[in-house]
Every structure is written in C-alpha cells, then in structure tokens.
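FYI, numbering that gives the first Met the number 0 numbers position 18 of the sequence shown as 17, with every residue one higher than the one before it. Positions of the beta carbon are idealized from the N, C-alpha and C atoms, including for glycine. No experiment lies behind these values; they were computed from the predicted model shown. Some notes on the structure that comes next.
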Amino acid sequence: MKYLVVLAATVALAGCGGSVREQAEAQCAQQTEAMGAQLTAAGVDPAEFCTCILADIDDSSSVADANDAITGRTQQCVAEALQSATAS
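What follows is the structure in structure tokens.
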C-alpha cells in the first residue's frame with residue numbers, strides 16, 4: 000500500500016503543455032509504468048487506478064484543481080485498488 004500512496008502523491012502537475020486532463024493522464028501512465036511490477040504483484044490494475052484518481056479532472060480543470068482532485072481521491076482509490084486486489 001505504501002507505494003500506491005507514493006505513486007498517487009507523485010502524480011502532481013506542473014502545468015505545461017496540453018490540457019490538464021491530458022497532462023494528468025500522461026503523468027499517471029508514466030508513474031504506473033515505472034512501478035508496473037510492484038502494481039502487478041499487489042494485484043492492482045494501473046489503468047483502473049489512474050481512472051480512479053483522475054475521475055474528477057476534465058479539460059477545463061485548472062492545475063491547482065487537478066492536484067487537489069488527485070490528492071482528495073488518493074486514499075479512496077488506494078482503498079478500492081487494495082480491496083479489488085484482495086477480492087480476486
């Protein structure tokens with residue numbers, strides 16, 4: 000679980016290039032790819048995890064709003080990912 004919290008905390012946006020939603024998706028994909036083996040070992044689907052933490056972000060979100068949304072959803076998404084992994 001510790002690495003999932005670190006992962007979500009690192010999906011913070013700098014605010015350069017593309018829409019905020021596109022930046023968030025790209026950053027989350029990079030982070031989950033880098034941690035692929037750990038996520039797989041924990042039974043967590045990277046795409047589902049990213050979908051969860053990015054659910055409240057759209058193309059009109061500001062960088063601050065997106066970072067707040069990611070931070071706010073992190074605990075919920077970590078709990079859901081772990082619950083899903085243990086249920087399988």
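If you compare the alpha carbons of 33, 44 and 65 with that of residue 79, the shortest gap goes to 44. For residue 18, there is no enclosing alpha helix (DSSP H), as DSSP gives it neither H nor E.
The residue from 33, 57 and 47 with its alpha-carbon nearest to that of residue 23 is 57. With respect to the C-alpha of residue 72, the residue from 20, 82, 38 and 49 having the closest C-alpha is 49. Separation of residue 85 and residue 28 (C-alpha to C-alpha, rounded to the nearest whole angstrom) is 23 Å. Non-local C-beta neighbours of residue 55 in its own chain, meaning closer than 7 Å and more than five positions away in sequence, comprise 68 and 72, ordered along the chain. With fewer than 16 other beta carbons inside 10 angstroms of its own, residue 33 counts as exposed.
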